[in-house]
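In UniProt numbering, the protein residues as written are 1 to 315.
Even for Gly, the Cβ is constructed at its ideal location relative to N, Cα and C.
For reference, the structure discussed in these notes is given below.
Now the structure itself:
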């Protein structure tokens, strides 16, 4: 009877498929197992596939940057969602050699997109990049749109307007579409995505009086009220909110753990940052890596907040 040796298992596709299913912390540890695994995990295509398959919804903290009087502040403000600030990363953009300053434009999966600001330079250069072979422009309704803070959700890019319309761009079909907005005249308090949900806050009076958090339906048929916040209940527990005559919403984190709603909202009152759970209004003061003067009012709003998540990418 003849016996043949079993072929040695060295199938990169099979191993990559197994590694794609691991949690991020375990995956990073697997790089130390052997050179083969390290090579597979370090491959840029594998990193891209892992990020698409495992979007990082767990936010670790927030970067904030103020932009006042045409002066940029490259020194970032950072605070973690929990824990001590001295154990958090020490953010800085000083490695970008630009004495005119650097501005954060957006964040995604732990990466920041930044730009420099140079005012009044005659030799300033502009670059127009078009990924679309046809080069045909998109038709945009004549609405006051906030194109500087687009939100990616449900496979499309979304922009909110100050009127009765909002826009979404589907990169697969290359179509610019509209989506409904609540019809009542209002003030925009927040627009963002968290945990696979598109969220909106509209204020019909001072935010300190309370507000609704609305969510867009998956079929884009309209918005519905996800949470109603009564800040009187928060003020009874949190002196910072009780003292504040104004506040701004920085971010809403949608988080469910084993059918328990652990979602929370981060707000800014003069001189302080506070988070509280939407389920029971339990709150926590957030530590920052720099002092914020309470006498200067509200320095930050949702338009200048950039969530930080642990990322598999490095530059």
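Quick one: measure Cβ to Cβ for residue 181 and residue 165, integer angstroms, because I've assumed they're closer than 8 Å.
6 Å
Proximity winner among 262, 254, 301 and 217, relative to residue 246 (alpha-carbon distances):
301
Option nearest residue 146 by Cα separation, candidates 32, 27, 264 and 162
162
Could you tell me how far apart the beta carbons of residue 104 and residue 65 are, in whole angstroms, since I believe they sit closer than 8 Å?
5 Å
Any idea what DSSP makes of residue 309, helix, strand or coil?
coil
Check this for me: beta carbons of residue 327 and residue 264, under 8 Å apart or not?
This structure does not reach residue 327, given that the chain is present from 1 up to 315, and the question cannot be answered.
Just to confirm my understanding: we take residue 169, look at its own chain, exclude 5 residues before and 5 after, and list those with CB closer than 7 Å. What are they?
156, 157 and 176
Look up residue 226 in the DSSP assignment and say whether it is helix, strand or coil.
strand
For residue 46 versus residue 61, is the C-beta distance shorter than 8 Å?
no
Any idea what DSSP makes of residue 103, helix, strand or coil?
strand
Could you say which of 23, 12, 279 and 210 lies nearest to residue 51 if we only look at CA atoms?
23
Which listed residue (230, 152, 267 and 232) has its alpha carbon closest to that of residue 248:
267
Opposing strand residues paired with residue 113 [DSSP bridges]:
106
Comparing C-alpha positions only, which one of 32, 27, 80 and 284 sits nearest to residue 306?
80
Residues in the same chain with beta-carbon distance under 6 Å from residue 149, minus the five sequence neighbours each way, listed in chain order, please.
303
Going by beta carbon distance, what residues of the same chain come within less than 6 Å of residue 261, once the five residues before and after it are set aside?
279
Using DSSP bridges, identify the partner residues of residue 96.
BP columns for residue 96 are empty, so no partner.
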